[in-house]
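Each protein sequence line maps, in turn, to chains B and P. According to the working numbering, the first sequence is numbered sequentially starting from 2. According to the working numbering, the second sequence is numbered sequentially starting from 5. Glycine residues also receive a C-beta, built at the ideal position from the N, C-alpha and C atoms. I have placed the structure first, in the form of structure tokens, so that the comments after it can refer back to it.
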Amino acid sequence: MCIFNYESGSRDNSPVLKRRSFIKTLIAFPLGLILASSSLSWATSPTSEVNTTGLAVTDDTVTVGILHSVTGTMAISETGSVQAEKLAIDQINAMGGVLGRKIEYIQEDGASDWPTFAEKSKKLLVNDKVASVFGCWTSASRKAVLPVFEQYNGMLYYPTFYEGLEQSPNVIYTGQEATQQIIAGIDWVVKEKGAKTFFLLGSDYIWPRTSNKIARKHIEKLGLKVVGEAYYPLGHTQFNSVINKIKLKKPDVIYAIVVGGSNVAFYKQLKAAGIDLTNEKPLLLTISVTEDEILGIGGENIEGAYAAMKYFQSLDNPNNTAFVQAFKDKWGQDIVIGDVTQAAYLGPWLWKAAVEKAGSFDIDKIRAASPGIELTTAPEGYVRIHENHHLWSKTRVGLAQNDGQYKVVYESEELIEPNPFPVGYQ
Amino acid sequence: MFEEYSMAELTDILFMQGFAGLILFSVLVLMALGLAIIFGQMGVINMAHGEFMILGAYTTYLTSHIFETYLPALFDGYFFVAMALAFLVCFALGVLVEWGMIRFLFKRPLDTLLATWGLSLILQQSYRTVFGAREVGVTLPEWMMGSYAMTETIEVPINGIFVMVLTLFIASGVYFLMFRSLWGKQVRAVVQNRPMAGAVGIDTGKVDRYTFGIGCGIAGIAGSAFTMIGSTGPTSGQLYIVDTFLVVVFGGAQSLIGTIASAFTISQSQSTLEFFLSGSMAKVITLLIVVGILMLRPQGLFALKIRQ
Chain B
2 MCIFNYESGS RDNSPVLKRR SFIKTLIAFP LGLILASSSL SWATSPTSEV NTTGLAVTDD
62 TVTVGILHSV TGTMAISETG SVQAEKLAID QINAMGGVLG RKIEYIQEDG ASDWPTFAEK
122 SKKLLVNDKV ASVFGCWTSA SRKAVLPVFE QYNGMLYYPT FYEGLEQSPN VIYTGQEATQ
182 QIIAGIDWVV KEKGAKTFFL LGSDYIWPRT SNKIARKHIE KLGLKVVGEA YYPLGHTQFN
242 SVINKIKLKK PDVIYAIVVG GSNVAFYKQL KAAGIDLTNE KPLLLTISVT EDEILGIGGE
302 NIEGAYAAMK YFQSLDNPNN TAFVQAFKDK WGQDIVIGDV TQAAYLGPWL WKAAVEKAGS
362 FDIDKIRAAS PGIELTTAPE GYVRIHENHH LWSKTRVGLA QNDGQYKVVY ESEELIEPNP
422 FPVGYQ
Chain P
5 MFEEYSMAEL TDILFMQGFA GLILFSVLVL MALGLAIIFG QMGVINMAHG EFMILGAYTT
65 YLTSHIFETY LPALFDGYFF VAMALAFLVC FALGVLVEWG MIRFLFKRPL DTLLATWGLS
125 LILQQSYRTV FGAREVGVTL PEWMMGSYAM TETIEVPING IFVMVLTLFI ASGVYFLMFR
185 SLWGKQVRAV VQNRPMAGAV GIDTGKVDRY TFGIGCGIAG IAGSAFTMIG STGPTSGQLY
245 IVDTFLVVVF GGAQSLIGTI ASAFTISQSQ STLEFFLSGS MAKVITLLIV VGILMLRPQG
305 LFALKIRQ
């Protein structure tokens, strides 16, 4: 089991917090922890005090919502997030729950359809009165539920790396926004690999386009050159023409943000066209291929590509070893864990930390408590919630291996500040 | 547009683009043949065409696993076995579907559209239940990957050549079946005049059943071949269905030659435009050309002349 510690940083003197600092001293002794969570249960804090807005909280349970697509196109990607969130909830319950209350979840299926997401989020917030929601994956689904969360004052923990340009009081973004993922990656490839020319490639929708815009601005700021930029419709399966174009332009780096089924076609055709990525001529850097996608692409087709992410399954630290083991024990030994899956896993833990810091399930109090919350035992290492509701986190570069895993070749020294509205990049 | 390239590079562009166009052409023909047979000969719009292709892809995936585990020595040749199996599995399911569903919906094209769409949803969900929501990776034998370098700059993908040869083979097979065999004669008779064909002793029900089965079987082979160039997941079939319909409708629903001509037109314009424009714009312009031509010739490029 993976136990999370967090620092509240609050100097509030409410009785609930006093009791927690008492328990904190007990945490030093594992046995003490068990005693604390069973006999000195939080349930002594009356529900009327910790829940003033009529959320689904009883004396011994609290209900949350999980809202992802388990059917339709996006099920491929969102399954991992659902599994991670359920694992986190199980682990929190095994530790005694949140404020002494066991977490129960209601899972709804967004069915890869954006209006369905909006409808289901309304159901979760209005009918079920859930205390928070872990969910959404694509930007389109997040945009669809945003007005609902703002109208009914819910709290959404959103796991995916995305294009930024958003900051809602009702969302905590546990993935990276675009600048966190892009800038460190490009700096790395320029510094370590001496890259001078770039070819930008992407699927044709908001995330790749915004990300490439930031990438282009940054490349040009460094005095380097973008020799080509191309977009293909989602689901496109024929990349031979663009591969020819790449061959003629001879860029140092292919910067690829292709998503979904197109990914598989792109990497298979790249290999078939005689571009062996392990030669790094050109080198390929992506921000859209996690271990999940490699399952479909096949390790032999993408071996040698680099990815800039914040998490890889192969990260070597004790938190991650425990997390990977727990994940495999629960969902099967063959399973792989990608960047977003890890970010989804953080959601319930960050919510738990916020609730306990606030001493309340009320959304407004959680919102006030969230900035500054840290997780020292996140699988990716250490994260902290920024004032702008995104996470401070490190960026890493991984080299794709034949077995479908990434080998971490670079890690930013500092935590990178989330900056959803980058000045000079839009 | 060209000034940044040297003469030698331009020749290479021309050659490689021509080849990219031919690969796309083969892919489109392979996708569309099965649908064209069913649509053209039976008037049934098979919305589950993409799912039949994916069934072929999953069959390939399973076959590759069986060979990897039990017959590793023969792994290099498993793909041919997989394609044959893909045909058989899809043919069997096609016959079953025709027998259980399509034959009750004849002369109701809109209803078949809805019914086969429902079938596609059922199949997608079954794949998801059996194989999981994630995409699966199909391992290819070593010899089918990589490329053949003709000169320093010109490299020809081996899987592209494979698809081209396969398409040629399947297309001639279909031609022989439709125009040189007794069964083909029966099919064409049923298309031209169903009651009359029945009156001269052709079992029209049986002809329909096998036509549907063969159409689905060819879709299975196409799906099997596409594991080389695309993804295999529960909803991957959706990636192909629009292009497939485009080719069939543009070519003229009842003409196999039309299907081939339309695949050629679409693939060449698409791959040429893609080189000079962004992929999305290339698609838009290709679609505009198709719409423009269909406005002038609603029956498609080629149409059979049938007395109504």
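> Should B/Phe328 and B/Gln84 be called a contact, given that it needs their Cβ atoms to be closer than 9 Å?
Replying inline: yes
> How is B/Gly110 classed by DSSP in three states: helix, strand or coil?
Replying inline: Before going further, note that residue 110 of chain B is Asp rather than Gly in the sequence given. Strand at B/Asp110.
>> On the CB-based measure, 16 or more other CB atoms within 10 Å of its CB, does P/Ala137 come out buried or exposed?
In response: buried
>> Would B/Leu88 and B/Tyr312 be called neighbours here (beta carbons separated by less than 9 Å)?
In response: no
> In three-state DSSP terms, what is B/Phe199?
Replying inline: strand
> Can we say the region 205-216 of chain P touches the region 76-89 of chain P, given the rule of at least three CB pairs closer than 8 Å?
Replying inline: no
> Which residues bound the alpha helix (DSSP H) around P/Ala226?
Replying inline: 208-230
> With which residues is B/Arg385 paired in a DSSP beta bridge?
Replying inline: B/Glu375, B/Trp393
> Under the three-state reduction of DSSP, which class applies to B/Thr64: helix, strand or coil?
Replying inline: strand
> Should the region 337-344 of chain B be regarded as contacting the region 305-321 of chain B, the criterion being three or more beta carbon pairs within less than 8 Å?
Replying inline: yes
>> Excluding the 5 residues flanking B/Gln177 on each side, which residues of the same chain have their C-beta closer than 7 Å to its C-beta?
In response: Phe162, Lys311, Ser394
> Where does P/Ser151 sit, in a helix, a strand or coil, going by DSSP?
Replying inline: strand
> Would you call B/Val265 buried or exposed, if buried means 16 or more other Cβ atoms sit within 10 Å of its Cβ?
Replying inline: buried
> Which residues in chain B sit within 7 Å of P/Leu243, going by Cβ to Cβ distance?
Replying inline: Gly236, Thr238, Gly262
> Where does B/Met75 fall in DSSP's three states?
Replying inline: coil
> Sorted by chain position, which residues of the same chain lie with C-beta nearer than 6 Å to B/Lys269's C-beta, five sequence neighbours on each side aside?
Replying inline: Asn302
> Are B/Ala179 and B/Ser142 close, meaning C-beta to C-beta below 9 Å?
Replying inline: no
> Is P/Ser10 buried or exposed, if buried means 16 or more other CB atoms sit within 10 Å of its CB?
Replying inline: exposed
>> Using the Cβ count rule (16 or more neighbours within 10 Å means buried), how would you classify B/Phe30?
In response: Legend: pLDDT at B/Phe30 = 46, less than 50; position of this residue unreliable, no value from coordinates given.
> Expressed to the nearest angstrom, what Euclidean distance is found between the alpha-carbon atoms of B/Trp115 and P/Met168?
Replying inline: 39 Å
>> Alpha carbons only, please: which of B/Ile417, B/Lys251, B/Tyr383, B/Gly236 is nearest the one belonging to B/Asp318?
In response: A small correction: the amino acid at residue 318 of chain B is Asn; Asp does not occupy that position in the sequence shown. The residue with the shortest Cα to Cα distance from B/Asn318 is B/Tyr383.
>> Using a Cβ distance threshold of 8 Å, determine whether the region 233-242 of chain P contacts the region 53-64 of chain P, with at least three qualifying pairs required.
In response: yes
> Residues of chain P with CB under 7 Å from B/Ile77, in chain order?
Replying inline: Ala137, Arg138, Glu139, Gly237
> Rounded C-beta distance between P/Glu72 and B/Gly297? I'm assuming under 8 Å.
Replying inline: No, P/Glu72 and B/Gly297 are not in contact; Cβ-Cβ is about 18 Å, not under 8 Å.
>> Using C-beta distances below 8 Å, list every residue in its chain close to B/Ile35, excluding the 5 sequence neighbours before and after it, in chain order.
In response: Residue placement at B/Ile35 is flagged as unreliable, the pLDDT there being 44, under the threshold of 50; a coordinate-derived value is accordingly withheld.
>> Classify P/Arg107: buried if its beta carbon has 16 or more other beta carbons within 10 angstroms, exposed otherwise.
In response: exposed
> How long is the line joining the alpha carbons of B/Asp293 and B/Ser133, rounded to whole angstroms?
Replying inline: 26 Å
>> Can you list, in chain order, the residues of its chain with a C-beta nearer than 8 Å to that of B/Thr72? Leave out the 5 residues immediately preceding and following it.
In response: Asp110, Ala112, Ser113
> What three-state label does DSSP hand B/Asp13 in the structure shown?
Replying inline: With a pLDDT of 43 at B/Asp13, under the threshold of 50, the predicted position of this residue should be treated as unreliable, though the coordinate-derived value follows. Coil at B/Asp13, not helix or strand.
>> Taking the alpha helix (DSSP H) that B/Tyr268 belongs to, which residues open and close that run?
In response: 262-273
> Straight-line CA distance for B/Gly462 to B/Thr54?
Replying inline: Outside the displayed span of chain B (2 to 427) sits residue 462 of chain B, for which this structure offers no information.
> Taking Cβ positions only, does B/Lys248 come closer than 9 Å to chain P?
Replying inline: yes
> Alpha carbon to alpha carbon, how far is B/Lys282 from B/Gly275?
Replying inline: 11 Å
> Comparing the C-beta of P/Ala257 with each C-beta of chain B, is any distance below 9 Å?
Replying inline: no
> With a cut-off of 9 Å, does the C-beta of B/Ile298 fall near any C-beta of chain P?
Replying inline: yes
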